[in-house]
Amino acid sequence: MAKNKNIFTAAAAALGVLTLLFAVGSFYTVDEGERGVVIRYGSLINVAEPGLHFKLPIIDSVRKISVQEQVELYRNMEAYSNDQQPAVMNLSVRYQIDSSRVDEVYRNFGTRQALIDRQVTRIVLEEAKTVLGQFNAATSIRERGRLNLEMAQAVQQSVTGPVIILGVQVEDVSFSAAYEESVEQRMLAEVAVERERQNLERERVEADIVRTRAAAEADRVRAQAQAEADSIRLRGNAEAEAIRERAASLANNPLLVELVKAERWDGKLPSTMLPNSTVPFIEANK
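Below, the structure is given as C-alpha coordinates:
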(Lines of atoms letter the chains of each structure in order from A and count residues from 1; the text may use other names and numbers.)
(Lines give C-alpha, C1' and ligand atoms only; values in the text may rest on other atoms or scores of the structure.)
Protein backbone atom coordinates (compact mmCIF):
# COMPACT_ATOMS: atom_id res chain seq x y z
CA MET A 1 0.00 0.00 0.00
CA ALA A 2 2.79 2.39 0.90
CA LYS A 3 4.60 1.40 -2.29
CA ASN A 4 1.56 2.24 -4.42
CA LYS A 5 1.24 5.57 -2.63
CA ASN A 6 4.84 6.46 -3.43
CA ILE A 7 4.31 5.56 -7.07
CA PHE A 8 1.23 7.73 -7.18
CA THR A 9 3.08 10.63 -5.58
CA ALA A 10 5.95 10.34 -8.06
CA ALA A 11 3.54 10.21 -10.97
CA ALA A 12 1.70 13.25 -9.70
CA ALA A 13 4.96 15.14 -9.29
CA ALA A 14 6.05 14.20 -12.78
CA LEU A 15 2.70 15.26 -14.17
CA GLY A 16 2.99 18.55 -12.34
CA VAL A 17 6.42 19.17 -13.79
CA LEU A 18 5.20 18.33 -17.25
CA THR A 19 2.23 20.62 -16.78
CA LEU A 20 4.49 23.43 -15.61
CA LEU A 21 6.83 22.89 -18.54
CA PHE A 22 3.87 22.83 -20.88
CA ALA A 23 2.49 26.06 -19.44
CA VAL A 24 5.84 27.82 -19.50
CA GLY A 25 6.67 26.60 -23.00
CA SER A 26 3.33 27.65 -24.41
CA PHE A 27 3.90 31.39 -24.17
CA TYR A 28 6.55 33.74 -25.54
CA THR A 29 7.02 37.47 -25.95
CA VAL A 30 8.36 39.55 -28.82
CA ASP A 31 9.96 42.89 -27.97
CA GLU A 32 9.52 46.14 -29.83
CA GLY A 33 12.05 46.31 -32.64
CA GLU A 34 11.84 42.56 -33.21
CA ARG A 35 9.71 40.11 -35.10
CA GLY A 36 9.23 36.46 -34.05
CA VAL A 37 9.51 33.76 -36.72
CA VAL A 38 7.47 30.74 -35.55
CA ILE A 39 8.85 27.42 -36.83
CA ARG A 40 6.96 24.08 -36.72
CA TYR A 41 8.70 20.96 -37.92
CA GLY A 42 11.20 23.12 -39.78
CA SER A 43 8.59 25.19 -41.63
CA LEU A 44 7.75 28.84 -41.07
CA ILE A 45 4.12 29.07 -40.03
CA ASN A 46 3.87 32.63 -38.73
CA VAL A 47 5.67 35.95 -38.11
CA ALA A 48 4.71 37.33 -34.71
CA GLU A 49 4.42 41.03 -33.98
CA PRO A 50 5.60 42.57 -30.67
CA GLY A 51 3.63 41.32 -27.65
CA LEU A 52 2.67 38.09 -25.80
CA HIS A 53 1.92 35.03 -27.95
CA PHE A 54 1.00 31.32 -27.62
CA LYS A 55 2.78 28.39 -29.26
CA LEU A 56 2.74 24.65 -29.02
CA PRO A 57 5.38 23.56 -26.54
CA ILE A 58 8.18 21.36 -27.82
CA ILE A 59 6.65 21.34 -31.30
CA ASP A 60 6.93 25.08 -32.09
CA SER A 61 10.08 27.18 -31.81
CA VAL A 62 10.53 30.94 -32.19
CA ARG A 63 13.46 32.74 -33.79
CA LYS A 64 13.62 36.47 -33.21
CA ILE A 65 14.95 38.83 -35.89
CA SER A 66 15.70 42.48 -35.16
CA VAL A 67 14.11 45.12 -37.40
CA GLN A 68 15.81 48.03 -35.64
CA GLU A 69 18.38 50.29 -37.28
CA GLN A 70 21.79 48.63 -37.38
CA VAL A 71 25.30 49.71 -38.41
CA GLU A 72 27.74 47.51 -40.29
CA LEU A 73 31.38 48.58 -40.31
CA TYR A 74 33.80 47.86 -43.15
CA ARG A 75 37.44 48.44 -42.28
CA ASN A 76 40.61 48.58 -44.37
CA MET A 77 39.00 48.13 -47.77
CA GLU A 78 41.55 48.46 -50.55
CA ALA A 79 40.79 50.40 -53.74
CA TYR A 80 42.43 52.62 -56.36
CA SER A 81 41.67 56.22 -57.25
CA ASN A 82 41.21 57.40 -60.83
CA ASP A 83 44.88 58.42 -60.98
CA GLN A 84 45.93 54.94 -59.83
CA GLN A 85 46.78 55.87 -56.24
CA PRO A 86 46.26 52.93 -53.83
CA ALA A 87 43.86 53.78 -51.02
CA VAL A 88 42.49 52.20 -47.86
CA MET A 89 38.90 53.06 -46.93
CA ASN A 90 36.74 52.70 -43.82
CA LEU A 91 32.97 52.74 -44.35
CA SER A 92 29.93 52.49 -42.12
CA VAL A 93 26.56 51.40 -43.50
CA ARG A 94 23.31 52.08 -41.67
CA TYR A 95 20.54 49.67 -42.57
CA GLN A 96 17.24 48.24 -41.39
CA ILE A 97 15.41 45.04 -42.22
CA ASP A 98 11.99 45.63 -43.77
CA SER A 99 9.57 44.51 -41.05
CA SER A 100 7.02 43.43 -43.65
CA ARG A 101 9.53 41.01 -45.22
CA VAL A 102 10.89 39.18 -42.18
CA ASP A 103 9.52 35.88 -43.51
CA GLU A 104 11.61 36.42 -46.65
CA VAL A 105 14.71 37.02 -44.53
CA TYR A 106 14.25 33.67 -42.79
CA ARG A 107 13.33 31.67 -45.89
CA ASN A 108 16.14 33.01 -48.09
CA PHE A 109 18.90 33.81 -45.61
CA GLY A 110 18.09 32.25 -42.27
CA THR A 111 19.64 35.01 -40.15
CA ARG A 112 20.16 38.75 -40.26
CA GLN A 113 23.94 38.37 -40.55
CA ALA A 114 23.62 35.98 -43.48
CA LEU A 115 21.40 38.55 -45.19
CA ILE A 116 24.03 41.28 -44.68
CA ASP A 117 26.90 39.08 -45.82
CA ARG A 118 25.16 38.05 -49.03
CA GLN A 119 23.12 41.14 -49.94
CA VAL A 120 25.07 44.08 -48.54
CA THR A 121 28.74 43.34 -47.95
CA ARG A 122 29.47 42.13 -51.46
CA ILE A 123 27.82 45.18 -53.01
CA VAL A 124 29.51 47.61 -50.64
CA LEU A 125 32.94 46.21 -51.54
CA GLU A 126 32.21 46.47 -55.26
CA GLU A 127 30.62 49.92 -55.22
CA ALA A 128 33.31 51.38 -52.95
CA LYS A 129 35.97 50.46 -55.52
CA THR A 130 33.84 51.72 -58.42
CA VAL A 131 32.98 55.07 -56.87
CA LEU A 132 36.48 55.82 -55.60
CA GLY A 133 37.78 54.93 -59.05
CA GLN A 134 35.85 57.93 -60.40
CA PHE A 135 37.75 60.35 -58.14
CA ASN A 136 41.32 61.52 -58.30
CA ALA A 137 43.14 61.07 -55.01
CA ALA A 138 43.26 64.81 -54.36
CA THR A 139 39.56 65.22 -55.23
CA SER A 140 38.51 62.38 -52.93
CA ILE A 141 40.21 64.20 -50.06
CA ARG A 142 39.05 67.69 -50.95
CA GLU A 143 35.46 66.79 -51.89
CA ARG A 144 34.60 64.29 -49.18
CA GLY A 145 30.96 65.38 -49.13
CA ARG A 146 30.47 64.51 -52.81
CA LEU A 147 32.30 61.21 -52.31
CA ASN A 148 29.92 60.35 -49.44
CA LEU A 149 26.86 61.27 -51.49
CA GLU A 150 27.85 59.26 -54.55
CA MET A 151 28.90 56.29 -52.42
CA ALA A 152 25.52 56.26 -50.63
CA GLN A 153 23.58 56.58 -53.88
CA ALA A 154 25.51 53.73 -55.50
CA VAL A 155 24.98 51.35 -52.58
CA GLN A 156 21.30 52.24 -52.11
CA GLN A 157 20.56 51.71 -55.80
CA SER A 158 22.41 48.37 -55.93
CA VAL A 159 21.21 46.69 -52.74
CA THR A 160 17.96 44.77 -53.21
CA GLY A 161 15.93 42.42 -51.08
CA PRO A 162 14.37 42.82 -47.63
CA VAL A 163 16.99 45.28 -46.38
CA ILE A 164 16.78 49.07 -46.50
CA ILE A 165 20.04 51.08 -46.73
CA LEU A 166 19.56 54.20 -44.64
CA GLY A 167 22.97 55.77 -45.22
CA VAL A 168 26.61 55.24 -46.08
CA GLN A 169 29.41 57.20 -44.45
CA VAL A 170 32.98 57.28 -45.69
CA GLU A 171 34.76 57.35 -42.35
CA ASP A 172 38.24 57.66 -43.80
CA VAL A 173 40.22 57.44 -47.05
CA SER A 174 43.97 57.24 -46.66
CA PHE A 175 46.73 57.13 -49.24
CA SER A 176 50.46 56.58 -48.88
CA ALA A 177 52.26 58.96 -46.55
CA ALA A 178 54.37 60.35 -49.39
CA TYR A 179 51.33 61.04 -51.55
CA GLU A 180 49.34 62.65 -48.75
CA GLU A 181 52.31 64.91 -47.99
CA SER A 182 52.53 65.95 -51.64
CA VAL A 183 48.78 66.65 -51.69
CA GLU A 184 49.08 68.73 -48.54
CA GLN A 185 51.94 70.75 -50.02
CA ARG A 186 49.98 71.29 -53.23
CA MET A 187 46.91 72.39 -51.29
CA LEU A 188 49.02 74.79 -49.25
CA ALA A 189 50.45 76.21 -52.47
CA GLU A 190 46.93 76.63 -53.86
CA VAL A 191 45.88 78.40 -50.68
CA ALA A 192 48.90 80.71 -50.93
CA VAL A 193 48.08 81.50 -54.57
CA GLU A 194 44.46 82.17 -53.69
CA ARG A 195 45.53 84.43 -50.81
CA GLU A 196 47.84 86.37 -53.15
CA ARG A 197 45.06 86.70 -55.69
CA GLN A 198 42.76 88.08 -53.00
CA ASN A 199 45.47 90.53 -51.91
CA LEU A 200 45.91 91.73 -55.49
CA GLU A 201 42.17 92.07 -55.87
CA ARG A 202 41.99 94.06 -52.63
CA GLU A 203 44.81 96.34 -53.81
CA ARG A 204 43.04 96.86 -57.12
CA VAL A 205 39.84 97.80 -55.33
CA GLU A 206 41.72 100.16 -53.04
CA ALA A 207 43.45 101.76 -56.05
CA ASP A 208 40.05 102.20 -57.73
CA ILE A 209 38.79 103.87 -54.57
CA VAL A 210 41.79 106.23 -54.49
CA ARG A 211 41.32 107.07 -58.18
CA THR A 212 37.63 107.65 -57.67
CA ARG A 213 38.26 109.95 -54.72
CA ALA A 214 40.99 111.84 -56.64
CA ALA A 215 38.67 112.26 -59.62
CA ALA A 216 35.92 113.50 -57.34
CA GLU A 217 38.31 115.97 -55.66
CA ALA A 218 39.55 117.15 -59.07
CA ASP A 219 35.95 117.65 -60.19
CA ARG A 220 35.26 119.58 -57.01
CA VAL A 221 38.32 121.84 -57.46
CA ARG A 222 37.53 122.33 -61.14
CA ALA A 223 33.94 123.21 -60.33
CA GLN A 224 35.08 125.62 -57.62
CA ALA A 225 37.60 127.23 -59.98
CA GLN A 226 34.96 127.49 -62.68
CA ALA A 227 32.57 129.09 -60.22
CA GLU A 228 35.22 131.60 -59.16
CA ALA A 229 36.09 132.34 -62.80
CA ASP A 230 32.43 132.85 -63.59
CA SER A 231 32.11 135.14 -60.57
CA ILE A 232 35.13 137.19 -61.62
CA ARG A 233 33.83 137.43 -65.16
CA LEU A 234 30.43 138.53 -63.94
CA ARG A 235 31.99 141.15 -61.65
CA GLY A 236 34.20 142.33 -64.51
CA ASN A 237 31.25 142.57 -66.84
CA ALA A 238 29.29 144.50 -64.23
CA GLU A 239 32.17 146.92 -63.59
CA ALA A 240 32.74 147.38 -67.31
CA GLU A 241 29.07 148.06 -67.78
CA ALA A 242 29.16 150.57 -64.92
CA ILE A 243 32.18 152.30 -66.46
CA ARG A 244 30.48 152.45 -69.83
CA GLU A 245 27.36 153.90 -68.27
CA ARG A 246 29.41 156.49 -66.31
CA ALA A 247 31.38 157.39 -69.43
CA ALA A 248 28.15 157.88 -71.30
CA SER A 249 26.83 160.05 -68.51
CA LEU A 250 30.00 162.18 -68.49
CA ALA A 251 29.78 162.61 -72.23
CA ASN A 252 26.23 163.81 -71.93
CA ASN A 253 26.82 166.08 -68.88
CA PRO A 254 30.35 167.54 -68.44
CA LEU A 255 29.33 169.25 -65.17
CA LEU A 256 28.86 165.80 -63.60
CA VAL A 257 32.63 165.68 -63.05
CA GLU A 258 32.55 168.83 -61.03
CA LEU A 259 29.61 167.48 -59.06
CA VAL A 260 31.53 164.34 -58.19
CA LYS A 261 34.53 166.43 -57.15
CA ALA A 262 32.38 168.60 -54.95
CA GLU A 263 30.73 165.53 -53.37
CA ARG A 264 34.09 163.99 -52.61
CA TRP A 265 35.84 167.28 -51.38
CA ASP A 266 36.22 167.39 -47.61
CA GLY A 267 36.14 171.20 -47.51
CA LYS A 268 39.87 171.70 -46.86
CA LEU A 269 42.22 173.58 -49.18
CA PRO A 270 45.64 172.17 -49.94
CA SER A 271 48.26 173.19 -47.33
CA THR A 272 50.76 174.11 -50.05
CA MET A 273 50.11 175.64 -53.45
CA LEU A 274 52.39 176.57 -56.32
CA PRO A 275 52.56 180.22 -57.36
CA ASN A 276 49.94 181.31 -59.83
CA SER A 277 48.06 178.02 -59.37
CA THR A 278 44.30 177.97 -59.06
CA VAL A 279 42.18 176.60 -56.26
CA PRO A 280 41.43 172.99 -57.22
CA PHE A 281 38.13 171.23 -57.78
CA ILE A 282 35.68 174.12 -58.01
CA GLU A 283 35.19 176.54 -60.82
CA ALA A 284 33.10 179.61 -60.11
CA ASN A 285 30.74 180.85 -62.78
CA LYS A 286 31.39 184.47 -63.85
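In the UniProt record's numbering, the protein residues as written are 1 to 286.
All residues carry an ideal CB built from backbone N, CA and C; glycine is no exception.
Proximity winner among the options, relative to residue i (alpha-carbon distances)
i	options	result
Ser182	Phe54, Met77, Ala128, Gln85	Gln85
Arg186	Asn76, Arg142, Arg107, Ile232	Arg142
Ile65	Glu72, Arg101, Arg40	Arg101
Arg112	Leu73, Ile97, Ala227	Ile97
Ser61	Ala178, Asp230, Ala242, Tyr28	Tyr28
Leu52	Leu44, Glu72, Ile39, Ser26	Ser26
Gln134	Glu201, Leu147, Val30	Leu147
Val124	Glu104, Gly161, Gln156, Ala137	Gln156
Ala138	Asp83, Pro162, Ile164	Asp83
Glu127	Arg118, Ala152, Glu104, Gly110	Ala152
Arg75	Asn237, Glu171, Leu44, Leu56	Glu171
Val47	Leu56, Glu104, Glu78, Ile59	Glu104
Ser99	Leu56, Ile58, Gly161	Gly161
Tyr41	Ala214, Arg211, Pro57, Val159	Pro57
Enclosing alpha helix (DSSP H) for residue i [first to last residue]
i	result
Ser158	144–158
Glu104	102–108
Glu112	According to the sequence displayed, residue 112 carries Arg and not Glu. Start and end: 112–116.
Continuous beta strand (DSSP E) stretch holding residue i: start and end
i	result
Asp60	60–66
Val120	Careful: Val120 lies outside any beta strand (DSSP E) and carries neither H nor E.
Tyr41	From DSSP, Tyr41 is part of no beta strand (DSSP E); its letter is neither H nor E.
Pro86	86–97
Ser174	163–174
Neighbour-count burial assignment, residue i, 16 or more Cβ in a 10 Å radius
i	result
Ala154	buried
Ser81	buried
Gly145	exposed
Arg35	buried
Ala114	exposed
Ser140	buried
Arg222	exposed
Val38	buried
Leu91	buried
residue 294	Lying outside 1 to 286, the shown extent of the chain, residue 294 is not represented and no answer is given.
Phe54	exposed
Val191	exposed
Glu150	buried
Val30	buried
Ile165	buried
Val210	exposed
Which of helix, strand or coil DSSP assigns to residue i
i	result
Gln198	helix
Glu56	For clarity, residue 56 is Leu in the given sequence; the question names Glu instead. Coil, per DSSP.
Gly133	coil
Asp219	helix
Glu78	strand
Glu72	strand
Gly236	helix
Glu49	coil
Glu34	strand
Glu181	helix
Anticipated Cβ contact below 8 Å, residue i with residue j, distance rounded
i	j	result
Glu69	Arg107	23 Å between Cβ atoms; not a contact.
Glu72	Val120	7 Å
Near the ligand ZN: residue i beta-carbon under 7 Å from a heavy atom
i	result
Met77	With respect to the ligand ZN, the structure offers nothing, as it holds no ligand at all.
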